[in-house]
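Residue numbers (the working numbering): 112 to 357.
Note sheet for the following structure.
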Ligand code: 13P
């Protein structure tokens, strides 16, 4: 099933989250042929869980720690997230990689921990502008995916991947659907190489300046299995239109 996910990043307080979900649920009621996911900040997960009760909309987190518990000030474990109804975690978002210095090895540990806990990770990968201009897009994507899945190659079907070119995020300058399609097809081929028993259950989402006008053209591409939406997911009306774009 296609997956349309909203990554709220560091936006919306708990009370704003309740208001959002109250407005959003009626707009997506009855939609059963696609998965809808909201990824609010940690502080909103509790109210979001409550507000989403009885609906098909799923709850995701934007980050996690890989250890079960302990002296890791400021971090949040997967058990804590599970208790709040979280079934997905975004791992390796470019903002975590480049603003907070998350290396591939850490991303690999987080993905491994998610798999152990039965939470589906959404692994984010994407090239920077200078890498694209140097013709390194496929090489960068391949390296990020191979390192993230190192030692857990047999579990490729238990993760989703978001292709988010760094230069397209929050820039109003999305990749063209055709260019994104090429990378998505490459990612799927790579997964089959990494895991000879790969069954193709990994969804590859596109993210980066998705809006109500371009969402449909991304979803029309053969290997684009969903969207990871940032800014345009912050308004319930706008996000519901993106959910319904195909
Ligand atoms: P924007 O949709 O705001 O470009 O952000 C994309 C993103 O980073 C989703 O994770």
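Yeah, the Cβ is synthetic: ideal placement off N, Cα and C, and Gly gets one too.
The structure displayed is predicted, hence computed values, not measured ones.
Remark: C-beta atoms of residue 342 and residue 246 do not approach each other more closely than 8 Å. In the DSSP assignment, residue 274 forms a beta bridge with 236 and 317.
In the same chain as residue 351, and ignoring 5 residues on each side of it, the C-beta atoms closer than 7 Å to its own belong to 135, 138 and 139, in chain order.
Judged by their CB atoms, residue 233 and residue 201 are nearer to each other than the 8 Å cut-off. Around residue 169, the same chain offers 148 and 198 as residues with beta carbons nearer than 6 Å, after the five sequence neighbours per side are excluded.
With 16 or more other Cβ atoms inside 10 Å of its own Cβ, residue 248 counts as buried. The alpha carbon of residue 237 has as its nearest neighbour, out of 218, 258 and 274, the alpha carbon of 274.
For residue 141, there is no enclosing beta strand (DSSP E), as DSSP marks it with neither H nor E. For residue 118, the enclosing beta strand (DSSP E) has its first and last residue at 113–118.
Taking a 10 Å sphere around the C-beta of residue 304, we find fewer than 16 other C-beta atoms and assign the residue as exposed. By a beta-carbon distance limit of 8 Å, residue 327 does not contact residue 276. Their separation comes to about 19 Å. For residue 321, the shortest C-beta to heavy atom distance toward ligand 1 is below 7 Å. Within the region 190–237, the runs of alpha helix (DSSP H) at least 4 residues long that lie entirely inside it are, in chain order, 205–210 and 215–228. Counting along the chain, residue 291 sits inside the alpha helix (DSSP H) bounded by residues 288–305.
Measuring C-alpha to C-alpha distances from residue 163 to each of 132, 150, 313 and 117 identifies 132 as the nearest. Ligand 1 approaches residue 118 closely enough that one of its heavy atoms is under 7 Å from the residue's Cβ. In terms of side-chain proximity, the C-beta atom of residue 181 is found no nearer than 7 Å to any non-hydrogen atom of ligand 1. In the DSSP assignment, residue 259 falls outside any beta strand (DSSP E) and lies within the alpha helix (DSSP H) extending over 248–259.
DSSP places residue 354 inside the alpha helix (DSSP H), whose first and last residues are 347–354.
DSSP, read as helix, strand or coil, puts residue 327 in helix. Here residue 256 has 234, 236, 272, 298, 301, 302 and 305 as same chain residues with Cβ atoms under 8 Å from its own Cβ, once five neighbours each way along the sequence are excluded. In this structure residue 209 is exposed. Its beta-carbon is surrounded by fewer than 16 other beta-carbon atoms within 10 angstroms. DSSP places residue 158 in the uninterrupted alpha helix (DSSP H) bounded by 153–163.
Spatial neighbours of residue 335 in its own chain (CB-CB distance under 6 Å, excluding positions within 5 residues in sequence) are listed in chain order as 295, 317 and 329.
Per DSSP, residue 123 lies in no beta strand (DSSP E) segment and is marked neither H nor E.
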